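The next block holds one structure in the form of structure tokens; read it before the comments.
Encoded structure:
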């Protein structure tokens with residue numbers, strides 16, 4: 017008897033689900049058959065079938081002002097609480113200069129690939145960005161003579177100096193009492 021009662025109550029649920037699936041299938045077919053205009057809308061162009069230009073209801077007093085009046089808004093940093101412009105140091109011109117001290121130069125990176133000449137990323141000590149220099153090229157009056165695995169030789173006015181890569185030692189979790197470094201599997 018319990019079997020018959022369970023079969024009767026499941027039937028309306030199954031019919032309801034089948035009806036919902038049929039409605040969804042009809043809607044999907046309708047969307048596939050209906051054509052849709054996906055061409056871009058140009059600013060100020062009227063919509064197809066409408067007599068008003070796009071965005072006609074969005075006119076504000078700011079729309080009539082020239083873009084130049086908003087220069088201060090663009091130049092001031094949005095996420096700075098004082099909204100004052102950030103003072104950035106002016107970049108030095110990279111003209112022909114007299115070779116300075118080699119202590120002013122930092123070796124940031126070295127690249128050696130296949131048949132291409134070895135290159136070194138060198139920057140000035142007070143600058144954040146450097147420049148990639150190939151063997152034989154010059155940077156701030158210093159000529160890159162040779163590139164080794166972890167250092168380079170630069171030369172100017174008959175003086176040679178070796179710049180070495182700075183190794184950054186980071187504190188591991190092992191030193192903090194946590195798990196140690198994970199070994200890489202090759």
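In the numbering used here, the protein residues as written are 17 to 202.
Note that beta-carbon positions come from the ideal geometry of N, C-alpha and C, so glycine has one too.
Fair warning: this is a prediction, and the values are worked out from it, not measured in the lab.
Spatial distance of residue i from residue j (CA atoms)
i	j	result
residue 35	residue 57	39 Å
residue 83	residue 75	16 Å
residue 123	residue 95	34 Å
residue 100	residue 79	26 Å
residue 8	residue 87	Since the displayed the chain opens at 17 and closes at 202, residue 8 lies outside it and no answer follows.
residue 51	residue 41	18 Å
residue 175	residue 160	12 Å
residue 33	residue 25	13 Å
residue 145	residue 130	26 Å
residue 31	residue 45	21 Å
residue 97	residue 85	22 Å
residue 171	residue 183	23 Å
residue 53	residue 89	37 Å
According to DSSP, residues forming a beta bridge with residue i
i	result
residue 168	163 and 179
residue 127	135
residue 149	136
residue 121	140
residue 155	158
Whether residue i touches residue j by CB criterion (9 Å)
i	j	result
residue 148	residue 177	no
residue 151	residue 162	yes
Neighbourhood of residue i by C-beta distance below 6 Å, restricted to the same chain and skipping five residues each side
i	result
residue 141	120 and 122
residue 127	135
residue 181	123 and 166
Close-in-space but distant-in-sequence residues of the same chain around residue i (CB under 7 Å, 5 per side omitted)
i	result
residue 155	138, 147 and 149
residue 28	none
Same chain only: Cβ atoms within 8 Å of residue i, ignoring 5 sequence neighbours per side
i	result
residue 133	150, 151 and 152
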